[in-house]
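Heads up: the sequence shown begins at 214 in the numbering used here, then just goes up one per residue.
For each residue, glycine too, the CB sits at the ideal point set by N, CA and C.
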Amino acid sequence: MEGTDGLNAVRLLRNEVISVHRKIVESSWESDPIDGEKTLEEKLDFINQIYDNLESHAKQLPTSTPMTVQMERLSRFLHDGQIDPHTNELYDKALEASTWMETNNQLLQMYAEFLRTVVGNRRRSIMTDRPISYSNYGLNSSPQSIFEHTLTAVLKDPNIKKIGLVGRYLEKSTLSAVVEFKFGQVIDKQYVCLLKMLMVVNSGLPEFVQMIAPHEEWSYLDVSCNQVDIHKESRYLVYRKMSVQANIHLMQTIMPCIDIRNPHTLSKIMKDYLPPLMFDLRCPKNALHESCR
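As structure tokens, this is what we get:
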């Protein structure tokens, strides 16, 4: 038996003995002697069982502690503590620290045991890198290029300009981009920004949104290139909550339905005068018509 298990067994034995003695002294079984005698016998049998287990394990231990280098140092440390008061104080603090570490270790083991299923079922982050599938898209027909051309056309639309939407690229590459959108109004021939939004686009698909106050600025990482810190949140709670809701809406509503390629069961998009409307969140690329389920 290890030291911790033996200590727990001794504590359990002590608690049971004290509990039985308290019951006997308080005479709490006099109201029902038959039931009290039966309970007392069960308690005594349990105490005898604990004591027998403790004694059997104690007999398996060596008669003396095997002396190793570490045990010799600890023994000398204990003996010096009996002589020198400063060493005795240091020994007490070391014993306190050891007990504290052992308690924390047992607590962490308990947490790991009870929270194992929770950690195992945690959703992966939406920002984890995903493998890029092979494609034969040309430079001007890739999804990212189509997104850029579409965004340019949308921003030039007069109706979009009326609602005060302004966009610009903060970062741009062949397969991804970081776009900043500003929502505002023109007051006295001067544009007033009311909201700033950052959007991360990979392979033509918007994957992440971050919103901040109009007077806030985007943070940049301390690296060699000019790279935006997309995880830097706003100082204000209202914009942080708006970002969370926007990402939930993006992941559950927009992304599963943004791909309008030909369904994998048919060679055409339209059927019964309807596009594919059935999408599986686990496989967003597999679209089905309502009559093809």
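- A390 carries a strand assignment under DSSP once its states are collapsed to helix, strand and coil.
- Between the alpha carbons of D293 and Q283 lies a gap of roughly 15 Å.
- Collapsing the DSSP output to three states places G380 in a strand.
- Inter-segment contact for the stretch 387-407 and the stretch 445-459 is absent: fewer than three beta-carbon pairs are separated by less than 8 Å.
- Within the same chain, and ignoring the five residues on either side of Q295 in sequence, the residues whose Cβ sits closer than 8 Å to its Cβ are N301.
- Burial is judged here by how many other beta carbons sit within 10 angstroms of a residue's own beta carbon; F290 has fewer than 16 and is exposed.
- About 7 Å separates the Cβ atoms of R448 and E429, confirming a contact at the 8 Å cut-off.
- Taking G380 as the centre and dropping the five residues before and after it, the same chain places the C-beta of L364, L368, V392, E393 and F394 closer than 7 Å to its C-beta, in chain order.
- According to DSSP, Q403 shares a beta bridge with I400.
- Assignment of N415 by DSSP, reduced to helix, strand and coil, places it in the strand class.
- No residue range can be given for I443, since it is assigned to no alpha helix (DSSP H) and is classified by DSSP as neither H nor E.
- Taking 7 Å as the cut-off, the beta carbon of Q423 is found no closer than this to the beta carbon of L434.
- An exposed status is given to Q273, since fewer than 16 other beta-carbon atoms sit within 10 Å of its beta-carbon.
- If you ignore the 5 residues before and after N221, its C-beta comes within less than 8 Å of no other C-beta in its own chain.
- Between K445 and P427, the gap from beta carbon to beta carbon reaches 7 Å or more.
- Taking the CA atoms as reference points, M323 sits about 15 Å from W313.
- Here the C-alpha atom of E250 lies approximately 45 Å from the C-alpha atom of D305.
- Taking a 10 Å sphere around the C-beta of Q357, we find 16 or more other C-beta atoms and assign the residue as buried.
- Ranked by Cα distance from L257, the options S240, L308 and V233 are led by V233.
- Your pair G417 and I359 checks out as a contact, with CB atoms roughly 6 Å apart and the cut at 8 Å.
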